[in-house]
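These notes are about the structure you will find just below.
Number of protein chains: 2
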Amino acid sequence: MSVQQVHATLERLSNLLRVEAREQGAHEGLLPVQLEALHYLFQCNRYSDTVQGVSEYLGQTKGTVSQTLKVLQSRELLEKKPDMKDRRLVHLKITRKGRRLLTNVVPARFLVEALDGKQTGEVDQLADLLRSLLRDAQAARQMKTFGACKTCRFNESAGSGYRCGLTGESLSKPDTERICREHQYPIACEG
Amino acid sequence: MSVQQVHATLERLSNLLRVEAREQGAHEGLLPVQLEALHYLFQCNRYSDTVQGVSEYLGQTKGTVSQTLKVLQSRELLEKKPDMKDRRLVHLKITRKGRRLLTNVVPARFLVEALDGKQTGEVDQLADLLRSLLRDAQAARQMKTFGACKTCRFNESAGSGYRCGLTGESLSKPDTERICREHQYPIACEG
DNA sequence: TCATTTTAGTATCGAGTCGATACTTTATAT
DNA sequence: ATATAAAGTATCGACTCGATACTAAAATGA
């Protein structure tokens, strides 16, 4: 069965990412899961930069994530900013230092080198296949998709920019390329 | 850059595998890393079923792996058998119980469902692309490849079967489909 | 309006990971 | 024959992660 092959290879690549993250993180005194959290905050939009958001993204409990973030905050890699409207919420803003650290670690060196020799078309094809696999896998698990707004069913174009149909707020083009915890793909026409 | 896209998507798939392993493992009282070790022993050949082998595969120290295996042994998912020739070596043989447990967890349900809708050709294409990526990534990190003997430069055909050019021992067809810690791809003709 | 419920986040505890270090035993090299 | 290398184990400490219990703020609703 080819599915087993896919599983085995993905597991191996996953292990590679983890080992690499452990090594790179060790230089900075950070652990893989802390880098993952930071990477999420690096990518997500202003509706998603909360403890709850990270928790859903990583598949860990709020308590666990709260601890993780405390470490990142103490290293000044992120700042906590209370929400002005809902005072239960805390927005997690990655700092310049956090951004700098992250861009040293992502994308992983071995991925850059591995994809370096390939043609642009090949890399794009790989990215597309992986995204398609991820999308189907997330559908199978009935979990949140955490896609970018530009691929979301609630995203509408509004004049020169865009608007989120859920919040009603307007979005800039860069906004629509950040990932969101409320993201949903358009409903398929067939079936 | 598309490499970032690939990294992000791989990281996400990696997280999915891990969350799934945590859930499935929890049913049996096992942790992700323990399942990974068991999966390796499920796939590897008789030259590779040692503590050192698992250690290299997982990228963890011998001591750490030794602990992991002690748990698996206590659950009767594997047996330790001392090597007859080199008495330092211990071979780790997965039990029937271990095999049964593993086949319930691998391949992950979400992968089976995700690939279910696709055509065989598509799945094979994905498997090939992933393997190619893995191979290049491993080359970039200059690490062991842990491929199957049938793709190894030391594998020779011998009469009706095969032979390992390193050990000189003969291999059956199923043998050549198991992964090996001494595996090396053939040297590329060009470059 | 005021009590109830829900949601965001934090704190603490215990089981378990993982690397570092130190150790034993056996094989190999000089 | 002795030194060195390699396979494996044991122990310790820093850290992960989920479970549980908690506070505070928002939403619900009679």
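Sequence lines, in order, name chains B and D. If you want this note's numbering, it's the position in the first sequence, counting the first as 1, plus 907. If you want this note's numbering, it's the position in the second sequence, counting the first as 1, plus 907. Idealized CB from N, CA, C, for every residue including glycine. On a predicted model such as this, the values are computed, not experimentally measured, just so you know.
- The residues 1015, 1016, 1017, in chain order, have a CB closer than 8 Å to that of residue 927 of chain D in the same chain once the five nearest residues on each side in sequence are set aside.
- For residue 1087 of chain B against residue 955 of chain B, the beta-carbon gap comes to about 5 Å, under 8 Å, which counts as contact.
- Residues of the segment 974-1008 of chain D with a C-beta less than 8 Å from any C-beta of chain B: none at all.
- Around the CB of residue 1060 of chain B, fewer than 16 other CB atoms lie within 10 Å, so the residue is classed as exposed.
- Shortest Cα-Cα distance from residue 945 of chain D to any of D:1012, D:1023, D:988, D:1057 involves D:1012.
- When 7 Å is used as the limit between beta carbons, residue 914 of chain D is near these residues of chain B: 1013, 1014, 1015, 1018, in chain order.
- The C-beta of residue 936 of chain D comes no closer than 8 Å to any C-beta of chain B.
- A direct Cα-to-Cα measurement between residue 1085 of chain B and residue 1045 of chain B gives close to 18 Å.
- For residue 956 of chain B, none of the residues of chain D pass the 8 Å Cβ criterion, the least Cβ distance being about 16 Å.
- Given a length threshold of 3 residues, each whole run of the beta strand (DSSP E) inside the segment 973-1010 of chain D is given here in chain order: 985-989, 997-1001.
- Straight across, the Cα-Cα distance linking residue 930 of chain D with residue 935 of chain B is about 31 Å.
- Contact with chain B is absent for residue 1084 of chain D, since none of that chain's Cβ atoms lies less than 8 Å from the residue's Cβ.
- Listed along the chain, the chain B residues whose CB falls inside 7 Å of the CB of residue 972 of chain D amount to none; the nearest CB is some 13 Å away.
- Every unbroken stretch of the beta strand (DSSP E) spanning 3 or more residues and falling wholly within the segment 1023-1097 of chain B is given here in chain order: 1062-1065, 1068-1071.
- Within the segment 1029-1050 of chain D, contact with chain B at the beta-carbon level (separation under 7 Å) is assigned to 1030, 1031, 1033, 1034, 1036, 1037, 1038, 1040, 1041, 1043, 1044, 1047, 1048.
- Contact between residue 1033 of chain B and residue 1022 of chain D fails: their C-beta atoms lie close to 16 Å from each other, not under 8 Å.
- In this structure, the alpha-carbon of residue 974 of chain B lies about 20 Å from that of residue 990 of chain B.
- The C-beta separation of residue 941 of chain D from residue 965 of chain D comes to about 11 Å, leaving the pair out of contact by the 8 Å criterion.
- Residues of chain D whose Cβ lies closer than 7 Å to the Cβ of residue 1021 of chain B are, in chain order, 1040, 1043, 1044, 1047.
- Relative to the Cα of residue 971 of chain B, the nearest Cα in the group B:1072, B:958, B:1076 belongs to B:958.
- Using a Cβ distance threshold of 8 Å, residue 1000 of chain D and residue 986 of chain D count as a contacting pair.
- Exposure of residue 1035 of chain D is indicated by the presence of fewer than 16 other C-beta atoms within 10 angstroms of its C-beta.
- For residue 910 of chain D, at least one C-beta of chain B is nearer than 8 Å to its own C-beta.
- Per the C-alpha coordinates, the member of B:1080, B:1063, B:1079 positioned closest to residue 1072 of chain B is B:1063.
- Taking C-beta atoms as the reference points, residue 1042 of chain D and residue 1052 of chain D count as a pair closer than 8 Å.
- Along the segment 942-967 of chain D, going in chain order, the ones with a CB nearer than 9 Å to a CB of chain B are 943, 946, 950, 964, 965, 966, 967.
- With contacts defined by Cβ atoms closer than 8 Å, residue 1082 of chain B and residue 952 of chain B form a contacting pair.
- Taken in chain order, the whole alpha helix (DSSP H) runs of length 4 or more contained in the segment 913-985 of chain D are 939-950, 958-965, 969-981.
- With fewer than 16 neighbouring CB atoms inside 10 Å of its own CB, residue 1068 of chain D falls in the exposed class.
- Within the model, the alpha-carbon separation for residue 1005 of chain B versus residue 948 of chain B is close to 10 Å.
- A Cβ-Cβ distance of about 5 Å is found for the pair residue 1030 of chain B and residue 909 of chain D, placing them in contact under the 8 Å criterion.
- Note that the C-beta distance between residue 1054 of chain D and residue 1090 of chain D is below 8 Å.
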